[in-house]
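J.: Respectively, the protein sequence lines represent chains A and B. Under the working numbering, the first sequence is numbered contiguously, ending at residue 413. Under the working numbering, the second sequence is numbered contiguously, ending at residue 1413. A single structure is presented below for examination.
2 protein chains.
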Amino acid sequence: MSTNRLEVDGNRLWETLMRSGEIGPGRSTGLNRPALSTADGEMRDQFVDWCKAAGLTMRVDQVGNIFARREGSDNALPPVAMGSHLDTQIAGGKYDGILGVLAGLEVIRTLNDRNITTRRPLEVICWTNEEGARFQPPMMGAGAFAGIHTLDWVLDQRDDDGERFGDELERIGYAGDAKLAGHELDAYFELHIEQGPELEAEGLPVGIVTGGFVAFGRQVQFHGETAHSGPTPMDKRRNALVGAAYLIAAVNDIGWKYHPDARSTTTRIQLWPNKYGILPDWAEVTVDIRHPDRKTAEKMADEVSAAIAEAGEKARVDVEVVKEWEFGCDDFSDDCIDLLRKTAGDLDIPYAEMLSQAGHDAYHVAKVAPTAMIFSPCREGITHNEGEHIEKRDTLPAVNLLMHAVLERANRS
Amino acid sequence: MSTNRLEVDGNRLWETLMRSGEIGPGRSTGLNRPALSTADGEMRDQFVDWCKAAGLTMRVDQVGNIFARREGSDNALPPVAMGSHLDTQIAGGKYDGILGVLAGLEVIRTLNDRNITTRRPLEVICWTNEEGARFQPPMMGAGAFAGIHTLDWVLDQRDDDGERFGDELERIGYAGDAKLAGHELDAYFELHIEQGPELEAEGLPVGIVTGGFVAFGRQVQFHGETAHSGPTPMDKRRNALVGAAYLIAAVNDIGWKYHPDARSTTTRIQLWPNKYGILPDWAEVTVDIRHPDRKTAEKMADEVSAAIAEAGEKARVDVEVVKEWEFGCDDFSDDCIDLLRKTAGDLDIPYAEMLSQAGHDAYHVAKVAPTAMIFSPCREGITHNEGEHIEKRDTLPAVNLLMHAVLERANRS
């Protein structure tokens, strides 16, 4: 990039990333900062402080999504937004989501430095509970914003300890009063680490996301009966764990059946009483399947439904799907994607066009606003792992692309 | 039974059972009183108070086993003992184990009432952690008494919250100083509810236990790697839960293969991080298999070992057997069993001879002292369930059989 061109301050961006990396430390080098935890609250406070210092106006909606606004010259127009999330997995990395929010802040700081005013206002958004580590489904704040979940439903979700979403949101001080509906965005751009190895392998600094895997989530409960695990004959048992195990094994087998494009996963099980010597009468598992092709994803979902019923029959327990969800990125804006392509070309930034395999807030936002995503490389594609790592020099091209695309969009007549 | 014959006081026994039934209430009608819980400590205190009021001398050994002694006329002779356990499952019944201890106390009280002194001293024993609900393996106190586990090993076991057995024993005040070794018993008689439906179905008040199922326990750990459950391709995943699920399913299938005599069980799984969106890198399950025939049980154990290895391979995770144990009741004393048969005949109590399917403290005690067991009926065989229930009138014949057999043994020349 020419030195005459507007560029973000990479060191300043990195300082914010490193400060964030101190809040909610994990077991080794990563973070344990699930949504609505005390650490999540602390990080939000830090973000709000930074935003206020940058002259932004804060707005928190009823599910805790934070909108930090920089006025434009025509404030009757809807804002151009950047953002992602600040929550992490409980053994997560320092960059997943966080980079997208703090890159937005850095864009604002750079425009402040240069006294650049855009026509449309700008907003940096932190979405609540993208990870779904504590409250399922994931991308809950963006989903509520997009009208996919109702406010009451979101507030009533409970974590594995029985804590209520609404109460925890209140506890950390982010139960805002801004209404969920009616906040129009001119466009939404989300920068995120790739969470795959492709960019690194090809030596490219930017991925422009043209679409993504279709994902289906199912939360399934098994209802059996407690009994002594010793004397109870096999044909009298109603062991909820056995039902769950048949399903988990079948879900894994379904992923392999559609290998290499498919992903099928179970990572979480709740069980009661979960003790030696007594058959558990209750189990809950969360199943997730993904495929780039919607038809195949739907076929996999049908096979999972059959596996749920079969697992219940084999274990002689009752089964119930208590939550289900779906996300994908069929809805990204051609207009926004073209703007990213053109801007990358102007900036001489080489890029690949790619599919996203992970879910992102942008998937839901795309239902209500023109949306596009930018990926930047991460080491070996390692993520949702404390070893997640990115390099500054490989990341800055994506941040500059974000800034220039946002400027272009915000100044459009 | 003739009214001239010595009989226990059923109402008094029932009062103690009902009092015990108030300590550590479960969610409905049962108990939640796992070993070394605060409630277990409270129940032990109540038992000790009752014993002291009955004039017994208390002795607590280094793993918390309680021996309540009534002197005889020749106290150089080893005591004849009765007992079982006062701990329960976390959704257990009010009688499992408890009946055996409190029946022993009622026998003592009856002898006190009649001023009957036996030649040998008598002891009522409460064994520590029979259930294994919190610390595995089950029957830990009796196992330590029999020399199957070392003292240090027992004290170092940890529950699922990481609490240490020795610390918890100290906390509830039952880290005694009596040595584990060297306490000889002349004989040990354990009365227990059947935990099966046979006696009720046949309308019999007593089962004389002639042997039992051979059981093998395995605690297995799976070691994988955390990663994002979305993008990670199937062939790069090392999901510890998937390994555990393949094993749990295989263990259940092995039980069915040897149906109807076999039992094969998994009731407990520990997992980390156990969250949506991140592959868990660690799982631990406890597997239990049982069969009345030792050779078949060993064959099943071999198949479980093969299933452990196969589950690890299919899930691409490392597997490790971290604990294993075995119990059975090959070792009951013909002499003691004959005494029970003869006494039941004398008392005109109809009985069945039967196998025990559950594990009992008596299995371990049988390694070091002449041992036998008496079963009494329980409703529909329901146990390790808060709905466990027994009737007084159906239980008293077994308690009287216990008393008369103990008297006979204690007075032998």
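The C-beta atom is built at its ideal place from N, Cα and C for all residues, glycine as well.
Given this structure, state the Cα-to-Cα distance separating residue 400(A) from residue 1276(B), to the nearest angstrom.
T.: 33 Å
J.: Using only CA atoms, which one of 207(A), 95(A), 149(A) and 25(A) lies nearest to residue 337(A)?
T.: 207(A)
J.: Of the residues 1177(B), 1111(B) and 1065(B), which one's Cα is nearest the Cα of residue 1128(B)?
T.: 1065(B)
J.: Give the residues from the segment 268-290 of chain A that approach chain B closer than 7 Å (Cβ to any Cβ), ordered along the chain.
T.: 268, 269, 271, 273, 274, 275, 276, 277, 278, 279, 280, 286, 288 and 290
J.: Assuming residue 1088(B) and residue 1024(B) form a contact by the criterion Cβ under 8 Å, report the distance between their Cβ atoms to the nearest whole angstrom.
T.: 7 Å
J.: Determine which residues share a DSSP beta bridge with residue 1126(B) and list them.
T.: 1066(B) and 1084(B)
J.: Between which two residues does the beta strand (DSSP E) holding residue 269(A) run?
T.: 263-272
J.: Report the residues of the segment 1129-1149 of chain B with a CB closer than 7 Å to any CB of chain A, ordered along the chain.
T.: 1131, 1132, 1133, 1136 and 1138
J.: What does residue 1242(B) touch in chain A if you count any residue whose Cβ is under 8 Å from its own?
T.: 248, 249, 252 and 266
J.: How long is the line joining the alpha carbons of residue 5(A) and residue 348(A), rounded to whole angstroms?
T.: Rounded to whole angstroms, residue 5(A) to residue 348(A) spans 12 Å at the Cα level.
J.: Where does residue 279(A) sit, in a helix, a strand or coil, going by DSSP?
T.: coil
J.: Between which two residues does the alpha helix (DSSP H) carrying residue 5(A) extend?
T.: It is not in any alpha helix (DSSP H) - residue 5(A) carries neither H nor E in the DSSP assignment.
J.: Helix, strand or coil: how does DSSP classify residue 388(A) here?
T.: coil
J.: For chain B, check one thing: does any of its Cβ atoms lie closer than 8 Å to the Cβ of residue 91(A)?
T.: yes
J.: With a cut-off of 8 Å, does the C-beta of residue 1231(B) fall near any C-beta of chain C?
T.: The structure shown contains no chain C; its protein chains are A and B.
J.: Between residue 71(A) and the rest of its own chain, which residues show a CB-CB distance below 6 Å, the 5 nearest in sequence each way excluded?
T.: Taken in chain order, the residues that qualify are 121.
J.: Note down the Cα distance separating residue 244(A) from residue 284(A), rounded to an integer number of angstroms.
T.: 7 Å
J.: Whose CA, out of 1287(B), 1298(B), 1169(B) and 1316(B), lies closest to the CA of residue 1279(B)?
T.: 1316(B)
J.: Give me the chain B residues within the contact set of residue 260(A), using Cβ-Cβ distance strictly less than 9 Å, ordered along the chain.
T.: 1233, 1234 and 1235
J.: Please confirm whether residue 1202(B) and residue 1344(B) have their CB atoms less than 8 Å apart.
T.: no
J.: In the DSSP output, which residue or residues are listed as bridge partners for residue 1221(B)?
T.: 1284(B) and 1320(B)
J.: Determine, using beta carbons only, whether residue 127(A) comes closer than 8 Å to chain B.
T.: no
J.: From residue 1082(B) to residue 1104(B), what distance separates their C-alpha atoms?
T.: 6 Å
J.: Using three-state DSSP, classify residue 1241(B) as helix, strand or coil.
T.: Helix at residue 1241(B).
J.: Is residue 1001(B) helix, strand or coil when you go by DSSP?
T.: Here the model assigns residue 1001(B) a pLDDT of 44, short of 50, so the residue's position is not dependable, and the following value carries that caveat. Residue state, collapsed to three classes: coil.
J.: The ligand ZN heavy atoms versus the CB of residue 1103(B): any closer than 7 Å?
T.: The ligand ZN is absent from the structure shown, which contains no ligand whatsoever.
J.: I believe residue 1308(B) touches residue 1254(B) by the beta-carbon criterion, under 8 Å. Please report the beta-carbon distance rounded to the nearest angstrom.
T.: Not really, about 11 Å apart at Cβ, beyond 8 Å.
J.: Where does residue 1333(B) sit, in a helix, a strand or coil, going by DSSP?
T.: In the structure shown, residue 1333(B) sits in coil (DSSP, three-state: anything other than H, G, I, E or B).
J.: How would you write the range of the beta strand (DSSP E) that residue 20(A) sits in, first residue to last?
T.: Counting along the chain, residue 20(A) falls outside any beta strand (DSSP E), though it belongs to the alpha helix (DSSP H) covering 10-20.
J.: To the nearest angstrom, how far is the alpha carbon of residue 114(A) from that of residue 9(A)?
T.: 12 Å
J.: Where does residue 148(A) fall in DSSP's three states?
T.: coil
J.: Within 8 Å, do at least three Cβ pairs link the segment 161-181 of chain A to the segment 378-385 of chain A?
T.: no
J.: Taking the CB atoms as reference points, tell me whether residue 99(A) and residue 191(A) lie closer together than 8 Å.
T.: Their beta carbons are under 8 Å apart, which means residue 99(A) touches residue 191(A) by this criterion.
J.: In angstroms with no decimal places, state the Cα-to-Cα distance between residue 158(A) and residue 131(A).
T.: Take the alpha-carbon of residue 158(A) and the one of residue 131(A): they are about 15 Å apart.
J.: Sort 1413(B), 1407(B), 1412(B) and 1391(B) by Cα distance to residue 1194(B) and report the nearest one.
T.: 1391(B)
J.: Between the segment 1294-1326 of chain B and chain A, which residues of the former have a C-beta closer than 7 Å to a C-beta of the latter?
T.: Correct list: empty, as no residue qualifies.
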